[in-house]
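See below for the structure under consideration.
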Amino acid sequence: MQENRFRLKDILKKDLNRFWDMQAKTEGINTIGIVRKLKLILKRPVLMKLIIFRCAQASVFNKWFPLLGIPVRMLNYMTSIILGIQIPVTTRIGGGLYLCHWGTIVVSKKAVLGENVVLFHDVTIGHEKGKCPVIGNNVYIAPGAKIFGEITIGDNCKIGANAVVNKSFPADCTIAGIPAKIVKRIESVK
Ligand SMILES: CC(C)(COP(=O)(O)OP(=O)(O)OC[C@H]1O[C@@H](n2cnc3c(N)ncnc32)[C@H](O)[C@@H]1OP(=O)(O)O)[C@@H](O)C(=O)NCCC(=O)NCCS
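Per the numbering used here, residue 257 is the first one in the sequence shown, and the count goes up by one each step.
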């Protein structure tokens with residue numbers, strides 16, 4: 257994600273492609289047709305939320321005209337309250353973000369998330385003493401994980417359900433427990 261110019265079209269394309277891939281994998285099929293994609297946008301509130309969230313980000317980063325920007329940000333704010341997903345629009349999150357379910361997802365404004373991050377419900381990525389985590393690309397964060405402080409999570413890591421992550425971890429490992437430790441090294445990740 258670029259600092260100055262937020263490319264809404266590119267980032268939404270990555271988010272949606274990621275969602276279709278994950279959905280196809282869950283359903284055990286190769287591709288999802290256009291009609292089903294449209295139905296999914298209407299049926300999966302997290303997908304709708306993600307689209308609204310990205311538009312709200314674009315409205316801030318690209319300084320949209322207030323008549324358009326303010327309603328988009330208000331819609332984002334209302335859907336955040338309804339779905340319990342609290343991610344500030346200025347949080348830097350790469351494309352391909354996958355929100356699986358709604359419900360108590362909290363990400364700090366200063367946290368940085370790479371590309372293709374999976375965020376489950378009850379996840380918190382927050383600050384400690386004003387410092388926030390930097391999460392790499394392709395990181396899977398299972399339900400209930402709490403990640404906080406000035407730490408770095410390497411690419412391709414999997415963070416186990418209910419893990420409490422308070423220190424940095426290198427790429428390609430599965431982390432779990434309280435406090436989180438490496439429970440497995442990932443040999444090859446696709
Ligand atoms: C993070 C996760 C994906 C790891 O998967 P993985 O890389 O295949 O790792 P494994 O399952 O082989 O586990 C490796 C070891 O860590 C342990 N472990 C895995 N997840 C753990 C967790 N959340 N807490 C504590 N230990 C855990 C396993 O028991 C195993 O220990 P062992 O080697 O002594 O048998 C998975 O464990 C997990 O937490 N998934 C969440 C599933 C879930 O909540 N689904 C509901 C979605 S709605």
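The beta carbon of each residue, even a glycine, is placed where N, CA and C say it ideally should be.
Distance cut-off 7 angstroms: residue i Cβ against heavy atoms of ligand 1
| i | result |
| --- | --- |
| ALA497 | Residue 497 cannot be examined here, being either before or after the span of the chain that is shown, 257 to 446. |
| PRO399 | yes |
| GLY416 | yes |
| LYS437 | no |
| HIS357 | yes |
| TYR354 | no |
| ALA427 | no |
| ALA314 | no |
| LYS440 | yes |
| ALA367 | no |
| PHE376 | yes |
| ALA419 | yes |
Proximity winner among the options, relative to residue i (alpha-carbon distances)
| i | options | result |
| --- | --- | --- |
| GLY433 | ALA427, LYS423 and ILE442 | LYS423 |
| ASN393 | MET278, ASP266, THR408 and LYS437 | THR408 |
| LYS293 | ASP271, GLU371 and THR380 | ASP271 |
| PRO301 | ILE337, ILE381 and VAL291 | ILE337 |
| ILE290 | VAL374, THR430, ASP378 and ASN273 | ASN273 |
| CYS356 | PRO399, THR430, GLU283 and PRO327 | PRO399 |
| GLY386 | TYR396, ASN372, ALA367 and VAL373 | ALA367 |
Buried versus exposed, by CB contacts within 10 Å (16 or more), residue i
| i | result |
| --- | --- |
| ARG441 | exposed |
| ARG261 | exposed |
| PHE275 | buried |
| GLN342 | exposed |
| LYS446 | Confidence at LYS446 is low in this model, with a pLDDT of 49, below 50, so the placement of that residue is unreliable and no value is reported for it. |
| GLN258 | Its pLDDT being 45, under 50, GLN258 is placed unreliably by the model, and nothing is read from it. |
DSSP bridge partner residues for residue i (one or two, in chain order)
| i | result |
| --- | --- |
| ILE391 | LEU369 and ILE409 |
| LEU306 | Its beta-bridge partners do not exist; DSSP assigns none. |
Checklist entry - With contact counted as at least three CB pairs below 8 angstroms, one residue from each stretch, are the region 296-308 and the region 331-341 in contact? => result yes
Item to check | Touching by the beta-carbon criterion (3+ pairs, under 8 angstroms), the region 358-369 and the region 378-387 | outcome: Segments in contact, yes.
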